[in-house]
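Position in the sequence shown (from 1) plus 398 gives the number in the numbering used here. One structure is given here, and the rest of the page talks about it.
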Amino acid sequence: MITMVKPLNIAHRGFSGKYPENTRRAFLAAIDEGGCDGFESDVHLSADGEPVIIHDAALERTSNGAGMVGGCPFSTLRELDIGSWKGPEFAGERILHLEELLEIVLDHHIVLNLEIKNYEVFYRGIEEKVIGCIKALGAEKAVFLSSFNHISMKKCKEIDRTIRTGLLYEYPLLDAAAYARRHGMDAIHPQVSCLAYSPKLTGAAHKQGIAVNVWTANTEEEMRLCIEQGVDSIISNYPDKLGELLASQG
Ligand code: G3P
Ligand code: MG
């Protein structure tokens, strides 16, 4: 009998379906209300080289600031309000340093899929900074990295081959798992529609020892597709709905 391992319930940018993404509030709610196994989150570098938790390279969409994340020192970024855009009740949320996010992860014994946002702005030295921060807190086992910048992932492996790395992609690729394996990666991170297009993707990846972590499954249909294919992690804006569905599967 084949025993299927339950996929991890990973809250995309925290519980971002309900709370302002990548904020302390969204992360804590993903645990308390969403019952997640971990978070997905995004990291950039401030002008003074501090790893900071935010999705966009520019500040306008999710803060009351303007300009580029990489153009501001951490002290300036910290003054910004990153909650109000989602609703006045979320005013006062502050951008987190990676260290603070890792502390939440370690305190709650959960995992973190940290996406290095190194493909629109190329942050010099971001791989060393991120890995240095992870190691300083002893969080190596709790974290798995990913990026759309596959060269950046390779660089992470060169810095420390024990750090888990994954290749993000949005559209169907040829031999994705073989490509990941060839470059010493641990996982592929396909967009969920790639699963519908290539139903054998997960099986093929697992045969090569490559994990499959899928984003962003927000509808029940998408979540079911991931579960049926036996993926390793499901990344969703709705950890609560995903948790209910996973529980109903027994
Ligand atoms: O890591 C999965 C997903 O977050 C990738 O895209 O734009 O939501 O960061 P994005
Ligand atoms: Mg992301």
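For every residue, glycine included, the Cβ atom is placed at its ideal position computed from N, Cα and C. Computed from a predicted model, the values in this text were never measured in an experiment.
Ligand 1 heavy atom lying under 8 Å from the CB of residue i
i      : result
Ser544 : yes
Thr614 : yes
Arg522 : no
Leu566 : yes
Start-to-end residues for the beta strand (DSSP E) that takes in residue i
i      : result
Gly564 : 562-567
Ser631 : 631-634
Val541 : 541-545
Val610 : 609-612
Straight-line gap, residue i to residue j (C-alpha atoms, nearest Å)
i      : j      : result
Met399 : Ala540 : For Met399, the pLDDT reaches just 45, beneath the cut-off of 50, and the residue's location in the model is therefore unreliable, leaving the point undetermined.
Ile557 : Glu526 : 7 Å
Ser545 : Gly564 : 7 Å
His581 : Leu571 : 15 Å
Limits of the unbroken alpha helix (DSSP H) element including residue i
i      : result
Ala424 : 422-430
Ser497 : The sequence shown places Glu at residue 497, rather than the Ser named in the question. First-last of the alpha helix (DSSP H) with Glu497: 496-505.
Ile549 : 548-557
Glu525 : 524-534
Local conformation of residue i per DSSP, three classes
i      : result
Gly582 : coil
Glu438 : strand
Val519 : coil
Pro405 : coil
His587 : strand
His410 : strand
Ala456 : strand
Glu538 : helix
The segment 630-644 touching the segment 603-618, judged by at least three CB pairs closer than 8 Å: In short, these stretches touch, since the Cβ pair count reaches three.
Given 8 Å, three or more beta-carbon pairs between the segment 607-618 and the segment 579-597: Yes: the two stretches touch, three or more of their Cβ pairs being nearer than 8 Å.
Meets three-Cβ-pair contact criterion under 8 Å: the segment 526-538 and the segment 494-507: Pairwise C-beta distances place the segment 526-538 in contact with the segment 494-507, as three or more of them are shorter than 8 Å.
Cβ contact check for the segment 510-530 and the segment 434-441: 3 or more pairs under 8 Å: Pairwise C-beta distances place the segment 510-530 in contact with the segment 434-441, as three or more of them are shorter than 8 Å.
Segment contact, 8 Å Cβ cut-off, at least three pairs: the segment 632-644 with the segment 404-420: Yes: at least three Cβ pairs fall under 8 Å.
The segment 478-497 / the segment 413-420 touching (three or more Cβ pairs under 8 Å): Contact between the segment 478-497 and the segment 413-420 is present, because at least three Cβ pairs lie under 8 Å.
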